[in-house]
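Trainee:
Protein chains: 2
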Amino acid sequence: MSAQTVGDVGEFGLIAALQMRLKTTAAVEVPSGDDAAVLRLGADRLVVSTDMLVQDRHFRLEWSTPEEIGHKAAAQNFADLTAMAARPVALTAAIAMPAETTVEWVLGVVDGLVAEAEMLGAAVVGGDVTRAPAITISVTALGVPVGSRLVRRSGAQPGDVVAVCGRLGWAAAGLAVLGRGFRSPRVVVDAHRRPRPPYEAGALAGAAGATAMIDVSDGLLADLGHVAEASGVQIVLDVERLPIDDQIRETASAFNADPLGWVISGGDDHALAATFPAGATLPAGFVAVGEVVAGSGVEVPGYRHIGAPGFDHFRE
Amino acid sequence: MSAQTVGDVGEFGLIAALQMRLKTTAAVEVPSGDDAAVLRLGADRLVVSTDMLVQDRHFRLEWSTPEEIGHKAAAQNFADLTAMAARPVALTAAIAMPAETTVEWVLGVVDGLVAEAEMLGAAVVGGDVTRAPAITISVTALGVPVGSRLVRRSGAQPGDVVAVCGRLGWAAAGLAVLGRGFRSPRVVVDAHRRPRPPYEAGALAGAAGATAMIDVSDGLLADLGHVAEASGVQIVLDVERLPIDDQIRETASAFNADPLGWVISGGDDHALAATFPAGATLPAGFVAVGEVVAGSGVEVPGYRHIGAPGFDHFRE
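These protein sequences, in sequence, are chains P and C. Heads up, the first sequence is in the working numbering, so the first residue is 1426 and it goes up one at a time. Heads up, the second sequence is in the working numbering, so the first residue is 1426 and it goes up one at a time.
(1) What residue range is occupied by the uninterrupted alpha helix (DSSP H) comprising C:A1468?
(2) I'd like to check one pair, C:A1547 with C:V1587: are the Cβ atoms closer than 7 Å?
(3) Name the residue from P:Q1429, P:E1525 and P:T1507 whose alpha carbon lies nearest to the alpha carbon of C:H1738.
(4) Anyone know if the C-beta pair for C:G1591 and C:P1623 falls short of 7 Å?
(5) Distance cutoff 7 Å, beta carbons only. Does C:T1507 sit that close to anything in chain B?
(6) Grouping DSSP H, G and I as helix and E and B as strand, with all else coil, what is P:G1715?
(7) Kindly list the residues whose CB is nearer than 7 Å to the CB of C:A1519, restricted to its own chain and excluding five residues on each side of it in sequence; keep chain order.
(8) Closer than 9 Å, Cβ to Cβ, to anything on chain P: give me those residues from the segment 1684–1715 of chain C, in chain order.
(9) Show which residues of chain C have a CB atom less than 7 Å away from the CB atom of P:E1529.
(10) DSSP state of C:F1701, grouped into three classes?
(11) If contact is defined by three or more beta carbon pairs under 8 Å, each pair taking one atom from either stretch, is the segment 1689–1703 of chain P in contact with the segment 1435–1442 of chain C?
(12) Does any residue of chain P have a CB that is nearer than 7 Å to the CB of C:R1446?
(13) Pull up the DSSP beta-bridge partners for P:V1554, would you.
(14) Any beta-carbon of chain C closer than 7 Å to the one on P:R1556?
(15) Sort out for me which residues DSSP pairs C:D1640 with in a bridge.
(16) Is the CB of C:S1563 under 7 Å away from at least one CB in chain P?
(17) In the DSSP assignment, what are the bridge partners of P:L1567?
(18) Please state whether DSSP places C:V1463 in a helix, a strand or coil.
(19) Does any CB atom of chain P fall closer than 7 Å to the CB of C:D1640?
(20) Beta-carbon within less than 7 Å of P:S1457's beta-carbon, same chain only, minus the 5 sequence neighbours each way: which residues are those?
(21) Between P:T1450 and chain C, is the shortest Cβ-Cβ distance under 7 Å, so that the two count as touching?
(22) Short of 7 Å Cβ to Cβ, which residues in the segment 1429–1441 of chain P face chain C?
(23) By Cβ distance below 6 Å, which residues in the same chain neighbour C:P1684 in space, the five residues on each side in sequence not counted?
(24) Could you tell me whether the Cβ of P:M1477 comes closer than 7 Å to any Cβ of chain C?
(25) Anything in chain C within Cβ reach of P:P1622, meaning under 8 Å, just list it in chain order.
(26) Just reading off the beta strand (DSSP E) that P:Q1659 is part of, what are its end residues?
(27) May I ask you to report which of helix, strand or coil DSSP gives P:V1486?
(28) Report the three-state DSSP secondary structure of P:V1723 (helix, strand or coil).
(29) Counting C-beta neighbours from all protein chains within 10 Å, is the total for P:A1461 16 or more, i.e. buried, or is it exposed?
(30) Just list the residues that DSSP pairs P:S1457 with in beta bridges.
(31) Would you kindly work out how many angstroms separate the C-alpha atoms of P:V1614 and P:L1697, rounded to a whole number?
(32) Once you ignore the five residues that flank P:G1722 on each side, which residues in its own chain have a CB closer than 7 Å to its CB?
(33) Take the Cβ of C:R1605 as the centre, count every other Cβ of all protein chains shown within 10 Å, and call the residue buried at 16 or more, exposed below.
(34) Could you tell me whether any Cβ in chain P is nearer than 7 Å to the Cβ of C:F1503?
(35) Please classify P:E1493: is it buried, with 16 or more other beta-carbons within 10 angstroms of its beta-carbon, or exposed?
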């Protein structure tokens, strides 16, 4: 019998196995398993999240400028803080790269990291550089709660409204366009190159009483699946209410693709998905797309999804 | 004219160029460039450091168990906090790996990270897993000051005593042994596989009035060079006072190597080097090895060092 590989169990199987090995301490308020962990440091709470990007998997040197890659690396980490209703204070970045990487390229990545951080009042405070066969960028984002409450994945209750805020399917459409050798429509290609997470919306959702929230990075179905699992509920999406932006509809039409497929399973736009108590006034930018009921998993009545609900880094 | 590569400028040239691009904010008390950065979060201070390990550069699968690699990844980051006179609270880890990596191996690394953290009362609070051609482990260590003062690299003053605490040259001796195909002396091989930083000594040095401190990770000459540069001073080492442990002397004798070379330019043991005001009582474990004078750089009168003063990841 050969040993199980990470390819056999997949990204989420591996994460589940890893989390069983962790131990907690009194300083850990939210352990690994949410968008970000929360630590108590004396009087303050620290919200921390780590994400890694690998060349040819998360970005391609021929498709993105180094500045765009830096923006993306920062944005996907800051979006995790946003999804807790926290705001970023700083990030650290470790970059491994081949020796033939140009200094100019690395400085471009750093400029992108710095610019995305600066836009949010945060700073890049350090990191590491080393050598590796493929460029690998690991970012750790550090933040603090905006208000008094942080929003986890686990608080969704039957009767809650499910709502989304931000772009859905744009980055997936852009990736499809680039993958077929095109460079336009520019707006979706740019969305793939540089995500624009709805940074303000996380704190607004927290203040509006959101019961659960997640950053849509793996795809709406997959990420709402994480909320459903963490909360012990079922989420039912209303396919008619899922926002399909005109850009996505037009791109799908031009490329003979299913626009709803991009919206429902495309990640990398870093939209927010949240649940709110029935009757709550949704914050600006949020659109109701479904409801929480008793049960498990995510259902989309009337829609038959082809393929995986989202992206698995060890299994595509 | 072809563009400069990171191989051309080397690790420290690249870091210097990167640091010029960073911007600070009111929350940044110590920016990038020390062993760890320091952030102000409300009433508390957060000390943060990031280091990345790459397969076949920082560890070899045939030389170390996954648990040892996990211990090492945590230890080298925690040692950076120790060198600021801080203590660890938590770490995050991002691990990129080929799909054929066994789950058991990854769990072993996590067990090593968790065990090293637990030994210090800290927790592993999350991270990321993704796919890459070479196993790459990026750890971010998060800590808080032990006492009221943090110790930087930049405070050494002419007249100060230079002292070291912890193993010097052990990991380098172990690496030399393994590199020649041997597995013993076991004690130095084990030192390479799993460093044992003097975790208690950092806070003691801070309380004893250390004016500057650094984690010896690149080699004593190289790291004292960082202190000399940050402090605007010269450091003069007394070659007669450098501690050469019997293990190192015996291993060097058996392998026809220069024991002082390992002591003076071997990294990866994560000893501490610190400067103290003249006449200060050195904390337990510290040995005086030199003094701080006006000038620049590091001098070792009577010793002619062959080769680089330390390790450069883009230039060996």
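Here a beta-carbon is modelled for each residue, glycine too, at the ideal position from N, C-alpha and C. None of the values given here were measured: they were computed from a predicted structure.
Mentor: On the basis of the data shown:
(1) It is not in any alpha helix (DSSP H) - C:A1468 carries neither H nor E in the DSSP assignment.
(2) No, the pair does not count as a contact, with Cβ atoms beyond the cut-off.
(3) P:E1525
(4) yes
(5) The structure shown contains no chain B; its protein chains are P and C.
(6) strand
(7) G1552, D1553 and S1563
(8) The segment 1684–1715 of chain C vs chain P, Cβ under 9 Å: nothing.
(9) Within 7 Å Cβ-Cβ: A1428.
(10) strand
(11) no
(12) yes
(13) P:I1520
(14) yes
(15) Answer is C:L1697.
(16) True, the Cβ-Cβ gap to chain P drops below 7 Å.
(17) P:V1473 and P:A1515
(18) strand
(19) By this cut-off, C:D1640 is not an interface position.
(20) Taken in chain order, the residues that qualify are Q1444 and L1447.
(21) True, the Cβ-Cβ gap to chain C drops below 7 Å.
(22) Q1429, T1430, V1431, G1432, V1434, E1436, L1439 and I1440
(23) I1669, I1673, R1674 and A1677
(24) yes
(25) Chain C residues near P:P1622: none, gap ~17 Å exceeds 8 Å.
(26) For P:Q1659, the enclosing beta strand (DSSP E) covers residues Q1659 to L1662.
(27) It should be pointed out that residue 1486 of chain P corresponds to Leu in this sequence rather than to Val. Of the three classes helix, strand and coil, the one that applies to P:L1486 here is coil, per DSSP.
(28) Strand at P:V1723.
(29) P:A1461 is buried by the Cβ-count criterion.
(30) P:D1459
(31) 20 Å
(32) G1650, A1653 and Q1659
(33) Residue burial annotation: C:R1605 is exposed, with fewer than 16 other C-beta atoms found within 10 angstroms of its C-beta.
(34) no
(35) buried
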